[in-house]
Amino acid sequence: MENTNKKNSDSTLLKFLLFILLAATPLNAQVTQTPASGEKPAFSGQAGVWVMTLSGLDALEKNGFAGLEDKKVGLITNHTALDAQGRGIVEAFKLQSKFQLKALFSPEHGFTGQVEGGVHIQSSTGTAELPLYSLYGKNKRPSEEMLRGLDLLVFDIQDVGARFYTYLTTMGYAMEEASKYGIAFMVLDRPNPVGLETVEGPVLAPQIDNFTAYFKVPARHGLTAGEMALFHKKKLNLNLDLKIIEMENYSRGMFFDETGQVWINPSPNIRDLKAAVLYSGIGCFEATNVSVGRGTERPFRWFGAPWMKAEKLVKKLNGAGFKGVRFSYAEKTPDADMYKGELCRGVEIEITDKTAVRAMDIFVHSAWWLNKINKKDFVLKKDDIARMTGTYDFYEMIKAGKKPEEIIKFFDESNAKFKEEVKNSGILLYK
-12 MENTNKKNSD
-2 STLLKFLLFI
8 LLAATPLNAQ
18 VTQTPASGEK
28 PAFSGQAGVW
38 VMTLSGLDAL
48 EKNGFAGLED
58 KKVGLITNHT
68 ALDAQGRGIV
78 EAFKLQSKFQ
88 LKALFSPEHG
98 FTGQVEGGVH
108 IQSSTGTAEL
118 PLYSLYGKNK
128 RPSEEMLRGL
138 DLLVFDIQDV
148 GARFYTYLTT
158 MGYAMEEASK
168 YGIAFMVLDR
178 PNPVGLETVE
188 GPVLAPQIDN
198 FTAYFKVPAR
208 HGLTAGEMAL
218 FHKKKLNLNL
228 DLKIIEMENY
238 SRGMFFDETG
248 QVWINPSPNI
258 RDLKAAVLYS
268 GIGCFEATNV
278 SVGRGTERPF
288 RWFGAPWMKA
298 EKLVKKLNGA
308 GFKGVRFSYA
318 EKTPDADMYK
328 GELCRGVEIE
338 ITDKTAVRAM
348 DIFVHSAWWL
358 NKINKKDFVL
368 KKDDIARMTG
378 TYDFYEMIKA
388 GKKPEEIIKF
398 FDESNAKFKE
408 EVKNSGILLY
418 K
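Mapping the sequence shown onto the numbering used here, position 397 (from 1) lands on 384, and the numbers just tick up by one.
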């Protein structure tokens, strides 16, 4: 009798614990495997429960596509817009009957994300079931003809968190055209893969206005697509019916690998989270004659050139006290892009703590030392580097011999004002 009672007691306790576990899990959320050692869970519910972040698309599906009833929809998207089941957004939209999907719009790199950066893409409207309009061709804004007959534009694309990555500029341009023609706009939000707590670089200077330098934000801006849309509407005072479908189980401190979502390369050379973390700084080398690793196996995680005194630079960088990274000498021969087929001496960056990485600081120190130890060879393109960093002051400070610490202090003073502005603006959607 004693053993029977114990078994019944154990069974009752097990059922009770199972009930508590299930009750702690939101409907439609996916409980995935435990994160790798050292990573924090994607959602701090009951201990040991790791809950997947739901994207804006997932939340929209969960709520039965509320807000889209009877709409004629144009969809701005690419290959990154998958739901929690791994289904593409176009398929998901076609399977429902509440609204009509009438047109598709694609950004830089095309609908499939396979086209290299900077290559213009033509629209495809003749034979496909739906017209596919390119927003990275001769025109980067949707025209009146493209928008004719639409009630709503929906934006769903995975961004990387850097101002000069063009997907959100495409969103901003489309918002302005939607406002002009009286079309509503909806953003299905997705994670900023590099988190929302760190901001780097100066706010874009007022006189700089370019497709890769559009929003008046720092290079690493710390916003999601939805938050950037709210920021843009407020900055321009757009007369726009804007709705953001927020994520669930997401917080400002999360990096992409803590969300439970599957990584999809957003473009050909952002191949993992490490590249995304470094992109806002190392990407600035594209305004110089230094390769960022396009055509190698480690784009944006390595930079170099045939003329670079890289071993000396590695010693200087390792001695600079950077947190979260280690630098090593590495030779690579790119098979595409800058220095194709040439042996390049360069610097490989290993991330040891992604939360501590300050990619813009790495770029500032690297550019400063290259201007010193490779002064005859290193080229800073004045207008291009202004668009990447966000200010003409960077070029002038480097040429004047200002110390890296002075430049970084200038950057931080600029973005401190930005952080205070957005904090008080009411645009931040996540805690």
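Beta carbons: idealized from backbone N, C-alpha and C, even for Gly.
Separation of residue j from residue i, as counted between CA atoms
i, j, result
"Ile63", "Leu140", "7 angstroms"
"Glu400", "Leu217", "24 angstroms"
"Leu367", "Trp289", "18 angstroms"
"Gly240", "Pro129", "34 angstroms"
"Thr185", "Glu116", "43 angstroms"
"Lys359", "Gly105", "31 angstroms"
"Asn406", "Arg332", "Checking the sequence, you will find Lys at residue 406 rather than Asn. Approximately 38 angstroms, taken between the alpha carbons."
"Gly32", "Glu245", "Confidence is the limiting factor: at Gly32 the pLDDT is only 42, short of 50, which leaves the residue's position unreliable and the question unanswerable from this model."
"Ile414", "Thr275", "35 angstroms"
"Phe172", "Lys203", "21 angstroms"
"Pro293", "Ile395", "28 angstroms"
"Ser267", "Ser121", "25 angstroms"
"Asp324", "Phe52", "43 angstroms"
"Arg135", "Gln248", "35 angstroms"
"Met39", "Ala212", "19 angstroms"
"Ile336", "Tyr152", "21 angstroms"
"Gln194", "Asp371", "13 angstroms"
"Arg363", "Ile76", "The sequence as given places Lys at residue 363; Arg does not occur at that position. Taking the straight line from one Cα to the other gives about 51 angstroms."
"Gly282", "Lys221", "40 angstroms"
"Glu131", "Ala161", "11 angstroms"
"Leu357", "Glu284", "23 angstroms"
"Glu214", "Leu416", "7 angstroms"
"Ala373", "Ala354", "14 angstroms"
"Pro118", "Ile251", "25 angstroms"
"Lys327", "Lys418", "45 angstroms"
Buried versus exposed, by CB contacts within 10 Å (16 or more), residue i
i, result
"Lys85", "exposed"
"Asp57", "exposed"
"Gln72", "exposed"
"Ala387", "exposed"
"Asp176", "buried"
"Ser42", "buried"
"Met223", "With the sequence shown as reference, residue 223 is identified as Leu, and Met is not the correct amino acid for it. Exposed: under 16 other Cβ atoms inside 10 Å."
"Lys319", "buried"
"Gly148", "buried"
"Asn411", "exposed"
Proximity below 8 angstroms, CB of residue i to CB of residue j
i, j, result
"Val279", "Leu300", "no"
"Leu304", "Phe314", "yes"
"Met347", "Ala206", "yes"
"Asp146", "Ala68", "no"
"His66", "Phe98", "yes"
"Val264", "Lys341", "yes"
"Met375", "Glu273", "yes"
"Cys271", "Phe350", "yes"
"Pro286", "Ala262", "yes"
"Phe243", "Pro180", "yes"
"Lys296", "Asn361", "yes"
"Gly61", "Lys81", "no"
"Leu47", "Ile269", "no"
"Ser110", "Gly124", "yes"
Member of the options whose CA lies at the smallest distance from the CA of residue i
i, options, result
"His208", "Leu183, Ile232 and Ala200", "Leu183"
"Glu103", "Ser111, Pro94 and Ser110", "Pro94"
"Asn402", "Met384, Leu416 and Thr378", "Thr378"
"Ala343", "Phe309, Lys369, Ala354 and Phe365", "Phe309"
"Gly311", "Tyr326, Ile338, Gly328 and Gly291", "Ile338"
"Arg74", "His96, Leu44 and Leu55", "Leu44"
Residue i at chain C interface by Cβ criterion, 8 angstroms
i, result
"Glu131", "In the structure shown, chain C does not exist; there is a single protein chain."
Would you check if the stretch 239 to 257 and the stretch 185 to 193 touch, i.e. whether three or more CB-CB distances between them fall below 8 angstroms?
-> By the C-beta criterion, the stretch 185 to 193 is judged not to be in contact with the stretch 239 to 257, since fewer than 3 inter-stretch pairs fall below 8 angstroms.
Determine, using beta-carbon pairs with one atom in the stretch 224 to 234 and one in the stretch 159 to 178, whether at least three such pairs fall under 8 angstroms.
-> Verdict: yes, contact present.
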